[in-house]
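Chains A and B are the protein sequences, given in the same order. Each residue of the first sequence is one higher than the last, beginning at 3 in our numbering. Each residue of the second sequence is one higher than the last, beginning at 21 in our numbering. See below for the structure under consideration.
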Amino acid sequence: MFRRRIAIPAIPAILALLTAACADDLAPADDGPDEPEITDGHISQSLNPEDGTWTTTVDATSFEEWIYYDLDGAAETTASSTAWDLAFQRMNVAGNGAEGVAVAWIEGAIPSPDLIPAEGAFLVEPSNLEDSVSESSFQTDDPWYSYEISTHTLTPHARVYFVRSGEGALFALTFLGYYDAAGTAAVPSFRWGSMGR
Amino acid sequence: MSRPLPPRSLLLLIAVASLPASAWAADLDTSDSRESGWISSELPEVVVLGSRVEVRLDDAPVDTLLITRREIEDTGARDLADLLESQPGVEIIRDGSFGAGLRLQGLQGQHVLVLIDGQRMNGRTRGNVDLSRISTDRIASVEVVRGASSSLYGSEAMGGVINITTRRGGGKPLEASAQLRGDSANGYEVRGSSAIASESSSLRVGAGLLRSEPFQLDDALPSTSGSARSDWDLDVRGDHAFNSTLRIVGNVGWMSAERAGVDLGAGGAIFDRRDRTESLSLRLAPGITLGDEHSLEFAFHFTDLKNQLLQDQRGSRAMDQLQIQGEQLWEASAVHAVRLGDHHITSGVEILYEHLESPRLNSGEGERFRPAVFVQDDWQLSDEPLVALTPGLRFDHDSDFGGQFSPKLSGRWEPVEELLVRASYGWGFRAASFQELLMHFENPSVGYVVEGNPELRPESSRGASAGLTYRPTRWLRADLGVFRNDLQNLITSATTQAPAPGAPQIFQYTNVDEARTQGVESGVRLRPWAGWIFDLGYTFTDAKNLSADQWLEGRPRHRATFGTTWRAEAAGFTANVRGEWVGERPFYGVSSGLGEGALRWADPYTLASARIAQELGANVSVFVGAENIFDAGNPDDLALTPRSFFAGVHTSY
């Protein structure tokens, strides 16, 4: 008697609750790409028709791999090619010192031929990428970004970097950001253009 | 963030509502005369925490705060965190993301052991058991013992122990209740219970669901300050007495608690976070009465807990992360109690086995085995005046760090009937958790890594307390106590790699050499007129990390609690106001917002709530109220749900 009286009210409630409660496991939404949205290899870029400059975005999310870029050819290249001018890995940026790439920078956001530093201000980049983190003009103890410690956020300084390529051409470059539209880190973007020779 | 009620939930509501339902009534019947440990009792109250067997509150070897079912109902608190918020000496710590923890005597949640029917609750996040997971509808009473209690309970009982006794049937042969509650923040709660009892048996089934919306204290940010809640629970508790010697109690409990919110990561990444904990808990506790003052209690307990933490980056899957963690806890214990002349001797053995599987652990899993033996003698040296001494000793052998002795000596003296003096000195310890030993956890949304440290030693404490209870009349009770805890090898996370661009900050757990908490706790309860109860409490806490010569973060030096209840029994009306005033709290370093090492004192605040209830006939009552009346809270250091109003109806049979 006792058991029967218990079962009548309890069982429907238990079954209903357990049924309702057996929720599916959590899963992330299929709401975007697995990696930053990059259109071509590790590079997305577009030509700005009004002034002939490029806006280039690099997928530098790998902690091991460097991404190599040739300013003269406006294209991604490889480590084996001597044509590369700049390399990117996470927040690290370095020039190809082995091929004579040299860099100088000034404060400001808008490049112009009047602002090109004197030749003596250009420093040849380190010839070894391993040394670039401490020795590249993009890095040292005053890197191309500022770092907000409480939010771990990187923001580019308002600077113009002048880069003399391995082929002797001069380019001006300003960094625009370090994150893609979804906030994924290590996706630096920069605007750059030729300053002649 | 809110989701429509699924059809299965509607089925549940119908089922619950159709229960021939009021375990509440049963508890009311049995608890009318019950009062808190802070006031003089009209009838003897029974507590278990101080001796692991049932004794009268006044005979408890240590000072025990008791919150009865009647008081729980008067407050209208939804969960255990709400309930404890206004209790003297108990601090509730709100974490906007993961729930609510607590502090006792300035010691964090990881130093407080939380028991349900004498069995450990597991599933700690950042050291805390989420007290908001426990609905007050499940609770018959709550006991709190402050101060080192490892001599009876072992690891974690450094700052104290909380025991939740779940409700049972038994007031009437058949009873049932249902309650519906809604609030102005679009939250609602539906609960139902049904109980049945005979002379020798009882069985209670209770179930409920709760939903609430997230809240935002800084509208300029896309992130939430407090999470949405989506909780379910189901409890079945039965007991049966085979004869006057043998009885058995069994529980099956299932719950799911989900916290959902939005986090803002570095670089503007937005993460939808869902943190779901599901657990199944089983307990079987046979008891044998061998005579008037001679008993043997067994308990077998198993909890299987699963936690899923999803951080879902919006607009991309590049930084999505889902971590699933499984945790099993097995416990078995036998407690023998016997009175031999003036000695009331409790002794027992306990075996604990824990297993954890988690991607956050370096090895993917960890396990721990810890048998223990303990003995305590409550020795009454004199009747008139009452003088009693209670020495106790426990030995734990942990598979990670070896043996640990935990002695304690308590004493009580009643020089006159109106005055009770208590004092105790005990050792406490806490075994490092799996996370602290073995964790490797990366938080991509913020940019830090937490590393475990297998070399950690157990934390240990030496705790002393002394107190007076003064009861000159039936309408006044005053308590005054002092405490001090000296802590060695306190485990805390320290930066082992400073944050650098692109490289996360790395924290590792380490044993801080020395810390101290000390203070004064006081409380007054007045019952000047029939139906009125006034409570006032004040706590001074001085909590320092002595090694770093810094305050222990977040501990207010001054805290006051207040509560008033008015019960007009004849009119069926009850009103309750309660709350706390919390003084300035210290924060350092990045959490202070001022840079490394800088000290900031967060502003004081008052958290108060009020509730009135009116009976409408014999079976129905309605209630309305407000929570966080002064709208305390800020996005920096106080993730409190903004002011809200609630109303509901309760029906019982």
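Even glycine gets a Cβ: it sits at the ideal position worked out from N, Cα and C.
{"Check": "Opening and closing residue of the alpha helix (DSSP H) in which arginine 675 of chain B lies", "Outcome": "With chain B running from 21 to 673 in the structure shown, residue 675 of chain B is simply not present."}
{"Check": "Residues near threonine 516 of chain B by beta carbon distance below 8 Å, same chain, minus five either side", "Outcome": "Glu471, Ile526, Phe527 and Gln528"}
{"Check": "With 16 other Cβ atoms within 10 Å as the buried cut-off, status of leucine 572 of chain B", "Outcome": "buried"}
{"Check": "Cutoff 8 Å: tyrosine 181 of chain A Cβ touching any chain C Cβ", "Outcome": "This model lacks chain C altogether, as its protein chains are A and B."}
{"Check": "C-alpha distance - asparagine 505 of chain B paired with glutamate 313 of chain B, whole-angstrom precision", "Outcome": "35 Å"}
{"Check": "Reduced DSSP secondary structure (H/G/I, E/B, other) of aspartate 157 of chain B", "Outcome": "helix"}
{"Check": "Test: glycine 168 of chain A CB closer than 8 Å to a CB of chain B", "Outcome": "no"}
{"Check": "Candidates B/Thr186, B/Ala518 and B/Gln400, of which the one nearest serine 152 of chain A by Cα", "Outcome": "B/Ala518"}
{"Check": "Cβ neighbours of aspartate 418 of chain B in the same chain (closer than 6 Å, five flanking residues each side left out)", "Outcome": "Arg390 and Ala451"}
{"Check": "C-beta atoms of aspartate 533 of chain B and glutamine 508 of chain B nearer than 8 Å", "Outcome": "yes"}
{"Check": "Whole-number beta carbon distance between leucine 69 of chain B and glutamate 209 of chain B, since they are thought to touch under 8 Å", "Outcome": "That pair is no contact at about 29 Å."}
{"Check": "Straight-line Cα distance separating alanine 217 of chain B from glycine 191 of chain B", "Outcome": "8 Å"}
{"Check": "Secondary structure, alpha helix (DSSP H): runs of 4+ residues fully inside the segment 567-655 of chain B", "Outcome": "609-612"}
{"Check": "Beta-carbon separation (whole angstroms), aspartate 295 of chain B vs serine 276 of chain B, contact threshold 8 Å", "Outcome": "Not a contact, Cβ separation roughly 12 Å."}
{"Check": "Helix, strand or coil at alanine 659 of chain B [DSSP, three-state]", "Outcome": "coil"}
{"Check": "8 Å contact criterion, which threonine 156 of chain B and arginine 98 of chain B should meet: CB distance rounded", "Outcome": "6 Å"}
{"Check": "For glycine 110 of chain A, the three-state DSSP class (helix, strand or coil)", "Outcome": "coil"}
{"Check": "Selected residue, minimal CA-CA separation from valine 126 of chain A, among A/Val103, A/Ala187 and A/Phe173", "Outcome": "A/Val103"}
{"Check": "Cβ neighbours of glycine 543 of chain B in the same chain (closer than 6 Å, five flanking residues each side left out)", "Outcome": "Trp58, Pro108, Asp499 and Gly557"}
{"Check": "Any C-beta of chain B under 8 Å from that of proline 190 of chain A", "Outcome": "no"}
{"Check": "Helix, strand or coil at alanine 100 of chain A [DSSP, three-state]", "Outcome": "helix"}
{"Check": "Sufficient close CB pairs (3 or more, under 8 Å) joining the segment 337-352 of chain B to the segment 370-377 of chain B", "Outcome": "yes"}
{"Check": "Limits of the beta strand (DSSP E) - the one that methionine 328 of chain B falls within", "Outcome": "As written in the sequence, residue 328 of chain B is glutamine, which differs from the methionine given in the question. Per DSSP, glutamine 328 of chain B belongs to the beta strand (DSSP E) from 314-333."}
{"Check": "For phenylalanine 421 of chain B, the three-state DSSP class (helix, strand or coil)", "Outcome": "coil"}
{"Check": "Option in A/Tyr180, A/Thr84 and A/Gly110 with minimal Cα separation from phenylalanine 90 of chain A", "Outcome": "A/Tyr180"}
{"Check": "Own chain residues within Cβ distance below 7 Å of arginine 166 of chain A, not counting five before or after", "Outcome": "Val103, Ala104, Phe124 and Leu172"}
{"Check": "Residue environment, serine 197 of chain B, which counts as buried when at least 16 other CB atoms sit within 10 Å", "Outcome": "buried"}
{"Check": "Beta-bridge pairing of leucine 342 of chain B - partner residues as DSSP gives them", "Outcome": "B/Leu330"}
{"Check": "Proximal chain B residues relative to glycine 34 of chain A, where beta-carbon distance stays under 7 Å", "Outcome": "Gly335, Ser336 and Arg337"}
{"Check": "Run of the alpha helix (DSSP H) containing aspartate 102 of chain B, from where it starts to where it stops", "Outcome": "100-104"}
{"Check": "Which of helix, strand or coil DSSP assigns to alanine 183 of chain A", "Outcome": "coil"}
{"Check": "Phenylalanine 20 of chain B to alanine 77 of chain A span [Cα, whole Å]", "Outcome": "No statement about residue 20 of chain B is possible, as the shown extent of chain B runs from 21 to 673 and does not include it."}
{"Check": "Reduced DSSP category for glutamate 475 of chain B - H, G, I as helix; E, B as strand; rest coil", "Outcome": "coil"}
{"Check": "C-beta atoms of serine 641 of chain B and alanine 633 of chain B nearer than 8 Å", "Outcome": "yes"}
{"Check": "Residues near proline 492 of chain B in its chain [Cβ-Cβ closer than 6 Å; skip 5 each side]", "Outcome": "Glu438"}
{"Check": "Distance CB(aspartate 292 of chain B)-CB(arginine 334 of chain B) smaller than 8 Å", "Outcome": "yes"}
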